[in-house]
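Protein chains in written order, with our numbering: chain D, 2 to 294; chain C, 35 to 381; chain G, 4 to 254.
Following: one structure in structure tokens, then a few remarks.
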Amino acid sequence: MAHPGGFRHRAAALLQLLLPLLALLAIAAQAGDRRELRLVSLSPAISRTLATLGLADRVVGRTPWCRLPAAIPVVGDLYRIDYERLIRVRPTDVLLQTPASGLDPELRRLAKVHRWRLHAWPHLDRVTDVRRLIRELPEALFGGAPPAGVAARRDRLLQALDAALKSGPCATDPGPVVLLTGTDPPLAFGRRTYLDDLLQAWGLRNAVQQDGWVTLSLERLARLRPATVVWLSDRPTEPPAGLRAAAPEHLRVLEHPDVLLPAAGLPDVAQALARILSTLPGCRSTRTAASPP
Amino acid sequence: MPVHQDRGLATVNTAPQPRRWLALGALTLALLITALLRLTLDHPPGGGIGFAWPDPEWVRYRWTALANAVSAGGALGLAGLLLQSLLRNPLASPYVLGASSGAGLGIMVSLYLTHRMGGTALPPARATLPALAGSLGALGLVLGLATRRGGPDPVNLLLVGVVVSTLCGAGILFFQYLVPMGLRGEFLTWLMGHVPQATPPADLMLAASLPLAGLAFTLRMAGALDAGALSEEEARSIGVPVNALRLGGFLLAGLLTAGAVAVTGPIGFLGLIAPHLARGMAGPRHATAAPASLLAGAWLLVLADTASQLLDFGTGPMPPGVFTALAGGVLFLVLLHRTRSWTLDGM
Amino acid sequence: MIPHAPRLAVEDLHARYRDREVLRGIRVRHSGGALVAVVGPNAAGKTTLLRCLAGLLRPTRGAVYLDDRPVHRLPARIRARRIAYVPQRPGLYAPYTVRETVALGRYAAGPDPSAVDTALAQTGLLELAGRRWSELSAGQQQRAVIARALAQLGGPGLLLLDEPTAALDLRHALDTLQVLRARTRSGTLVVATIHDLNLAAAFAQEIWLLDAGRLVYAGPADEALRPRRLEAVFQVGFQHRRCLVPVLPEI
Chain D
2 MAHPGGFRHR
12 AAALLQLLLP
22 LLALLAIAAQ
32 AGDRRELRLV
42 SLSPAISRTL
52 ATLGLADRVV
62 GRTPWCRLPA
72 AIPVVGDLYR
82 IDYERLIRVR
92 PTDVLLQTPA
102 SGLDPELRRL
112 AKVHRWRLHA
122 WPHLDRVTDV
132 RRLIRELPEA
142 LFGGAPPAGV
152 AARRDRLLQA
162 LDAALKSGPC
172 ATDPGPVVLL
182 TGTDPPLAFG
192 RRTYLDDLLQ
202 AWGLRNAVQQ
212 DGWVTLSLER
222 LARLRPATVV
232 WLSDRPTEPP
242 AGLRAAAPEH
252 LRVLEHPDVL
262 LPAAGLPDVA
272 QALARILSTL
282 PGCRSTRTAA
292 SPP
Chain C
35 MPVHQDRGLA
45 TVNTAPQPRR
55 WLALGALTLA
65 LLITALLRLT
75 LDHPPGGGIG
85 FAWPDPEWVR
95 YRWTALANAV
105 SAGGALGLAG
115 LLLQSLLRNP
125 LASPYVLGAS
135 SGAGLGIMVS
145 LYLTHRMGGT
155 ALPPARATLP
165 ALAGSLGALG
175 LVLGLATRRG
185 GPDPVNLLLV
195 GVVVSTLCGA
205 GILFFQYLVP
215 MGLRGEFLTW
225 LMGHVPQATP
235 PADLMLAASL
245 PLAGLAFTLR
255 MAGALDAGAL
265 SEEEARSIGV
275 PVNALRLGGF
285 LLAGLLTAGA
295 VAVTGPIGFL
305 GLIAPHLARG
315 MAGPRHATAA
325 PASLLAGAWL
335 LVLADTASQL
345 LDFGTGPMPP
355 GVFTALAGGV
365 LFLVLLHRTR
375 SWTLDGM
Chain G
4 MIPHAPRLAV
14 EDLHARYRDR
24 EVLRGIRVRH
34 SGGALVAVVG
44 PNAAGKTTLL
54 RCLAGLLRPT
64 RGAVYLDDRP
74 VHRLPARIRA
84 RRIAYVPQRP
94 GLYAPYTVRE
104 TVALGRYAAG
114 PDPSAVDTAL
124 AQTGLLELAG
134 RRWSELSAGQ
144 QQRAVIARAL
154 AQLGGPGLLL
164 LDEPTAALDL
174 RHALDTLQVL
184 RARTRSGTLV
194 VATIHDLNLA
204 AAFAQEIWLL
214 DAGRLVYAGP
224 ADEALRPRRL
234 EAVFQVGFQH
244 RRCLVPVLPE
254 I
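Structure representation (structure tokens):
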């Protein structure tokens, strides 16, 4: 043990030298990652989430239905991929929902040949699916260390989602609710859909008992005797006349660009939905009940 | 006293023999030129349209699309010729007689059943069998219901064909309704008709061999098909085995339709237009009309596929099925107008 | 098969469409070349008899024998080499030329341009050979179908014609019958339904008189057309009378 202190000293010096270098390398690697990332999204919901995470400028290919800048080329959609265009936008990552019939074999082959990373989410139906998408997207793209901005946005989103689930609009039960979209016959959000999850979390009742999205005739709608019908639209349109005639006083309209997307806009949608439900006659607001003046 | 019944397309039909072979050459040339167009038409993402030999990385997609369009289009053209000749009806086609939608229904049912059993989508090669069952079933139903004493009645045939076609369409919608939302988009996309850009080589071979085998059979039957233009009684009296000819012809037409639909989904009007174009150029004799129909069908589908690459309204290339149905329908009305009395030709 | 004159035997022939019996026990035999006219009122069964002879209609009882073989059991191609049939209303769907139409007759026996040319020449259609079928008049179409039947047989055989002269003017009717008559010399048995009794009498060597599905007379033409016999069948009065008749060509 001739130079114990000497070894320690040398190790410390080495560390002192190495640490900033390591840090620099990590930053450089991250920066490199950021520069190289070229994303193709084959799902409007994923595109929406990418945009909310601040990654819209990384998207080099999209579907016709993604709300992304028009300058980003369309490379097909979930069901029909334009392979040629896909190759030509030179993606590093392809993000998609797994179609019900499975991943396209040619897409798999291409991913292997071109070393694209394929990120497929099996389904995006429920709030938990949306949460998983938000949580997993940054990790999938950046590994364990997403850029600070992305991580911050992700965390804010997850918090907002949790907050939206936690506090319902009504302290009292305003009666069964039906959430409809489409025209004639309208499509109802049944059980185990992301908006039904919101209702359940808020202690409200969805009048529709079936799973998934259910076509509802006006007669069946009437027989469900909903206290409220909320008609959902992602663009400014009038609810169909038949619906207005069937449920004149219970009809509410929720118009929100994200209402039909199980994606990052969900917290916003939840707020908007809560606002509408809170105006129902049978709903005594939780806000007034929770915090009496 | 000569009766001048028409001056349209049919006048061309008196083309002497050399001109008929010339017509085959012209169709081949048209196909080659259009194929070259399809191969070199460049529409880079986010850019304009130009011409360039494609990069080896994606040239395979253009070749595959080309091969699929040629084989499916050729099969439909040939099937249309067979049906029009056997039924002596210029309005007959795989589409009008329910064979196309029958094949579609067959594929839908099998897709649905595979989905129910937890499987994934059928590759086209395996979709051929259910498509065949569907197309032959629909064709058989139409022929069975439309046949009166002595043979299929032309008007009845079209009426029953339209009804059976609509029934199969309704069946397709029914199965589309049965499947979960996630699959509906897939079904709908398939229903619009498209030319696939990625097909396993084995499927490609199968799809390509079908019209070739069909052509070989049609050429073998060419003499009988020529004679089949006579009234049934006359055809029988000159020795044509009419029943065997019909059975073989319908089976072949059903098989060709099924093969085409399994590859591209329903492509409307191609089977109607191609034989008219072919006969107009190469004459009514099947030794030339059959290869001409195959070439015309192939050419038209390649043309439609090429045009669909150009027609992009921001939602991706327009499905060629939509294009053929639109363009083909209009063209057919024009043909019908020009050759109004062709139906009555000697009948 | 060595071409030879046909031996036709009709034995107790019955035929029906659905529940209507059209032929009721016809018996007749004929060998060798001749022109036979089948006459009788409407619905007597003339066309049905022809279709049975052609092997196109299966008899409900009895049979038609050609060279001792029942015609409805002959394979289509074999039958077509020996029996040609010209329906009253020929139909053609495709826009073929006249030559192509006539050449269709060679379907069973194999292509034979010289047989086609001969048939075209015999029916006076050589100049029209390149015309489209639909550009022909009804009479020319009729002749084209007869040409097809002539080309079909090539040599001797059984040639069946349903009202071959109905669409023709007198001149062409005479020409056609003359062609048919000439054909009988090479051993062809021509059986034709002929509405015009005068024409039948002038050209046919034998007449089969049909009434309500029964053969009431079969024999030489000059004995067939006796007023009393015809009155019974046609139920109108008949009279031998001098009248304006075209000068018939040498037979």
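Backbone N, C-alpha and C fix where the C-beta goes; we use that ideal spot for every residue, glycine too.
On a predicted model such as this, the values are computed, not experimentally measured, just so you know.
Per DSSP, cross-strand counterpart(s) of residue i
{"i": "valine 41/G", "result": "Thr196/G, Trp211/G"}
{"i": "tyrosine 20/G", "result": "Arg23/G"}
{"i": "glutamate 14/G", "result": "Ala66/G"}
{"i": "phenylalanine 85/C", "result": "Leu75/C"}
{"i": "arginine 135/G", "result": "Thr100/G"}
{"i": "leucine 119/D", "result": "Val95/D"}
CB contact below 9 angstroms: residue i versus chain C
{"i": "proline 230/G", "result": "no"}
{"i": "leucine 79/D", "result": "yes"}
{"i": "tyrosine 84/D", "result": "yes"}
{"i": "arginine 89/D", "result": "yes"}
{"i": "valine 230/D", "result": "no"}
{"i": "proline 98/G", "result": "yes"}
{"i": "glycine 108/G", "result": "yes"}
{"i": "aspartate 34/D", "result": "A caution first: aspartate 34/D carries a pLDDT of 49, below 50, which makes its placement in the model unreliable, though a value can still be read off. Closer than 9 angstroms: no."}
{"i": "threonine 216/D", "result": "yes"}
Separation of residue j from residue i, as counted between CA atoms
{"i": "proline 114/G", "j": "aspartate 214/G", "result": "41 angstroms"}
{"i": "methionine 142/C", "j": "leucine 222/D", "result": "30 angstroms"}
{"i": "tyrosine 68/G", "j": "alanine 40/G", "result": "19 angstroms"}
{"i": "arginine 10/G", "j": "arginine 32/G", "result": "8 angstroms"}
{"i": "alanine 87/G", "j": "serine 189/G", "result": "15 angstroms"}
{"i": "methionine 350/C", "j": "aspartate 76/C", "result": "Reading the sequence as shown, one finds glycine at residue 350/C and not methionine. So the alpha carbons of these two residues sit roughly 15 angstroms apart."}
{"i": "glutamate 209/G", "j": "glycine 222/G", "result": "5 angstroms"}
{"i": "glycine 380/C", "j": "leucine 77/G", "result": "Bear in mind that the predicted position of glycine 380/C carries a pLDDT of just 34, short of 50, making it unreliable; the figure below should be weighed with that in mind. Near 30 angstroms, if we compare the C-alpha coordinates of leucine 77/G and glycine 380/C."}
{"i": "leucine 131/G", "j": "proline 186/C", "result": "33 angstroms"}
{"i": "leucine 58/C", "j": "serine 42/D", "result": "46 angstroms"}
{"i": "glutamate 234/G", "j": "alanine 227/G", "result": "12 angstroms"}
{"i": "alanine 169/G", "j": "histidine 198/G", "result": "8 angstroms"}
{"i": "alanine 57/G", "j": "proline 128/C", "result": "35 angstroms"}
{"i": "alanine 185/G", "j": "alanine 204/G", "result": "16 angstroms"}
{"i": "proline 175/D", "j": "glutamate 137/D", "result": "36 angstroms"}
Residue-chain proximity (residue i, chain D), Cβ-Cβ < 9 angstroms
{"i": "tryptophan 87/C", "result": "no"}
{"i": "arginine 150/C", "result": "no"}
{"i": "aspartate 346/C", "result": "yes"}
{"i": "glutamine 231/C", "result": "yes"}
{"i": "glycine 140/C", "result": "no"}
Neighbour flag for residue i against chain G, beta carbons, 9 angstroms
{"i": "leucine 264/C", "result": "yes"}
{"i": "isoleucine 307/C", "result": "no"}
Proximal residues to residue i (C-beta, below 8 angstroms), its chain only, five neighbours per side dropped
{"i": "tryptophan 97/C", "result": "Leu73"}
{"i": "arginine 232/G", "result": "Leu212, Val219, Tyr220"}
{"i": "arginine 134/G", "result": "Thr100, Val101"}
{"i": "arginine 109/D", "result": "Leu119"}
Other residues of its chain near residue i: CB distance less than 6 angstroms, five sequence neighbours each side excluded
{"i": "proline 30/C", "result": "Shown here, chain C extends from 35 to 381; a query on residue 30/C therefore has no answer."}
{"i": "serine 286/D", "result": "Ser279"}
{"i": "serine 234/D", "result": "Glu256"}
Residues near residue i in its chain [Cβ-Cβ closer than 7 angstroms; skip 5 each side]
{"i": "arginine 35/D", "result": "Low local confidence applies: a pLDDT of 48 at arginine 35/D is under 50, so the model's placement there is unreliable, with the coordinate-based value given in what follows. These residues qualify, in order along the chain: Pro148."}
{"i": "glutamate 107/D", "result": "Tyr84"}
{"i": "phenylalanine 366/C", "result": "Phe303, Leu306, Ile307"}
{"i": "alanine 3/D", "result": "Confidence at alanine 3/D is low in this model, with a pLDDT of 43, below 50, so its placement is unreliable and the value that follows should be read with caution. Counting only Cβ-Cβ distances below 7 angstroms, and skipping sequence neighbours, we find nothing."}
Return the residues of the segment 99 to 131 of chain C that lie within a Cβ-Cβ distance of less than 7 angstroms from chain G, sorted by chain order. When CB distances to chain G are screened at a threshold of 7 angstroms, the residues of the segment 99 to 131 of chain C falling below it are Arg122, in chain order.
For the segment 93 to 115 of chain D, enumerate the residues whose C-beta is nearer than 7 angstroms to any C-beta of chain C, in chain order. Pro100, Ala101, Ser102, Gly103, Glu107: these are the residues of the segment 93 to 115 of chain D whose beta carbon lies less than 7 angstroms from some beta carbon of chain C, given in chain order.
Near-chain C residues of the segment 61 to 79 of chain D - C-beta to any C-beta below 9 angstroms: Listed by position along the chain: Val61, Gly62, Thr64, Pro65, Trp66, Ala71, Ala72, Ile73, Pro74, Val75, Val76, Gly77, Asp78, Leu79.
Can you give me, in chain order, the residues of the segment 184 to 201 of chain C that have a beta carbon less than 8 angstroms from any beta carbon in chain G? Going along the segment 184 to 201 of chain C in chain order, one finds no residue with a Cβ nearer than 8 angstroms to chain G.
Taking only beta carbons into account, state which residues of the segment 258 to 282 of chain C come closer than 7 angstroms to chain G, listed in chain order. Answer set for the segment 258 to 282 of chain C: Asp260, Ala261, Ala263, Leu264, Ser265, Glu267, Glu268, Arg270, Ser271, Ile272, Gly273, Val274, Pro275.
Going along the segment 80 to 95 of chain G in order, which residues come within less than 9 angstroms of chain C, judged by CB to CB distance? Flagged, chain order: Arg80, Ile81, Arg82, Ala83, Arg84, Ile86, Ala87, Tyr88, Val89, Pro90, Arg92, Pro93, Gly94, Leu95.
Anything in the segment 292 to 321 of chain C with a Cβ closer than 9 angstroms to a Cβ of chain G? List those residues in chain order, please. Along the segment 292 to 321 of chain C, the positions whose C-beta sits under 9 angstroms from a C-beta of chain G are Arg313, Gly317, Pro318, Arg319, read in chain order.
Using a Cβ-Cβ cutoff of 7 angstroms, what residues of the segment 42 to 71 of chain G are near chain C? List them in chain order. Cβ contacts with chain C come from Ala57, Leu59.
Relative to chain C, which residues along the segment 132 to 159 of chain G have a C-beta separation below 9 angstroms, given in chain order? Listed in sequence order: Gly133, Arg134, Arg135, Trp136, Ser137, Glu138, Leu139, Ser140, Ala141, Gly142, Gln143, Gln144, Val148, Arg151, Ala152, Gln155.
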